[in-house]
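Notes follow the structure.
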Amino acid sequence: MIRRAVLVAALTFCAAGPTRADFRLCNNTSARVSVAIAYTDGRNWLSEGWWNLRPSVCETLLRGPLAAQYYYIYAMDERGGEWKGKAFMCTRDREFRIDGREDCFARGFDRTGFFEIDTGRDAKSWTVQLTDPNAAPAQ
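Put into structure tokens, the structure is as follows:
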């Protein structure tokens, strides 16, 4: 049975020291999660994946100070759950790094809906927390 996970992403500013500025994602679910990220340098779009994160593991997706205000994430778990959105980017089933977000099918790629992360104008680092949609809130 395939379940569709509701977009449940707790977005938190990561208060890292001056030498540690990254874009990170933490898998706070009970299943392994595969993650893709997309972003722009102001002129060109880039999407890349897959990072495979075990439960309760964090991974740095991009190293260094953030270069953009908006980043886009798509994730799916091994049970069929998804964290997705309406910003469509190019992906593929195996490891990828794809320039551009246009004409995905014509270029031999899949077209996948990513959800938007607004890091704010001045953030130097950011952490996204993926959580189970049915998990009880922490007390």
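In mature numbering (1 follows the signal peptide of the UniProt record, and there is no 0), the protein residues as written are -21 to -1, 1 to 118. By construction, the Cβ of each residue, glycine as well, lies at the ideal position given by its N, Cα and C atoms. This structure is a prediction, so every number in the text was calculated from the model and none was measured.
Burial state of residue i (16 or more Cβ within 10 Å)
i        : result
Ala(-12) : Its pLDDT being 38, under 50, Ala(-12) is placed unreliably by the model, and the measurement read from it follows with that caveat. It counts as exposed.
Asp20    : exposed
Ser9     : exposed
Arg80    : buried
Near the ligand ZN: residue i beta-carbon under 7 angstroms from a heavy atom
i     : result
Pro34 : The ligand ZN is not part of the structure shown, which contains no ligands of any sort.
Cβ shell of residue i (< 7 angstroms), same chain only, five flanking positions each side left out
i      : result
Lys103 : Ala(-1), Pro44, Leu45
Coil, strand or helix - residue i by DSSP
i     : result
Ala85 : coil
Gln48 : coil
Asn23 : coil
Glu74 : coil
C-beta atoms of residue i and residue j nearer than 8 angstroms
i     : j     : result
Tyr50 : Phe2  : yes
Tyr18 : Ala47 : yes
Phe67 : Gly92 : yes
Own chain residues within Cβ distance below 8 angstroms of residue i, not counting five before or after
i     : result
Arg11 : Asn31, Leu32, Arg33, Pro34, Asp56, Glu57
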